[in-house]
Structures are given as C-alpha cells and as structure tokens.
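Quick note: the sequence shown uses the numbering used here, first residue 16, plus one each step. Built from N, CA and C at the ideal position, the CB exists for glycine as well. Note that the structure is a prediction, hence the values are computed from the model and not measured.
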Amino acid sequence: MTTFRIGEAAELMGVSSDTLRRWVDAGRLAAVRDEHGHRLIEGVELAAFARAQAAEPDERSDTSSARNRLRGIVTAVVKDTVMAQVDIQAGPFRLVSLMSREAVDELELQVGSVAVAVVKSTTVVVERSGASRGRHG
16 MTTFRIGEAA ELMGVSSDTL RRWVDAGRLA AVRDEHGHRL IEGVELAAFA
66 RAQAAEPDER SDTSSARNRL RGIVTAVVKD TVMAQVDIQA GPFRLVSLMS
116 REAVDELELQ VGSVAVAVVK STTVVVERSG ASRGRHG
C-alpha cells in the first residue's frame, strides 16, 4: 500500500502543507501517525479525496498551469482484456489516458500510485514516477 507524508500529499494536490494539515485536522482527509509521529495518508484515501476535490470548482478553474509533464495521483484504473483507462489527478487537473492493459500492468499503475502524464497533442502518455516518494507497505 502506498502512503504519503503531508508534504508529499500537498504537492500532489497542488496545495501547501499547511492547507493539507488543516484538511486533516478538520476531518476532511484521514491520516494516521507512524512510529515517529509523522502523519501519513494512504494513497487510496488521497485518490478519493482528489477525485472529490476535482468536482468542486474553485477560483483556479479559469486559469491554466498546464505543462508537458504533469505529476499526479492515479484516481481510477479501468481494464478490460486489451485496453485500459487511467485517470490521474494532477493538482486541480484531471487527465485521462487510454492505453494497452499490458502497459498498465508493466507500469504497475493502480489507484493511489504516483504517475506522470506526458502530454503531446491529443495523446497522453503515462509514466510511473521514478522519483516517487510514496511509501509502500
């Protein structure tokens, strides 16, 4: 299971660590403490929260910070025998990629994992983040 520290989760959500701590303190996002007292958020929980946040428009919705490479959290993976759909939430932006099931399996993409969407024209290529700081349990 992938878990994230507050700072990592904040970066994936496109907010400050203080904002993420306030969300946890207010009970909007679940967190547990590790043996050192650091708060950790499960990847699946963060993915669900990111999906809910994406449905809530805010003042940033009319601006664009699009880049060619967008790092985010996988919020959904739907696979059939040949193809797959992968949804990524990168800050306030939802990206959807259609790719082979084989690619999804090779990249080990699953809800809660970190991925990078590489955008070129109308094609979205998804890479598993090599610099993923999420912890696997």
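Check	Outcome
Burial state of residue 128, where buried means 16 or more other Cβ atoms lie within 10 Å	buried
Residue 123 - partner residues in DSSP beta bridges	Paired residues: none, contrary to the question.
The region 45 to 56 / the region 17 to 34 touching (three or more Cβ pairs under 8 Å)	yes
Where residue 101 falls, given that 16 or more other Cβ within 10 Å makes a residue buried	buried
Exposed unless 16 or more other CB atoms sit within 10 angstroms - verdict on residue 18	buried
Whole-angstrom C-beta distance between residue 142 and residue 131, which should lie under 8 Å	5 Å
Backbone CA spacing between residue 133 and residue 42 [nearest angstrom]	33 Å
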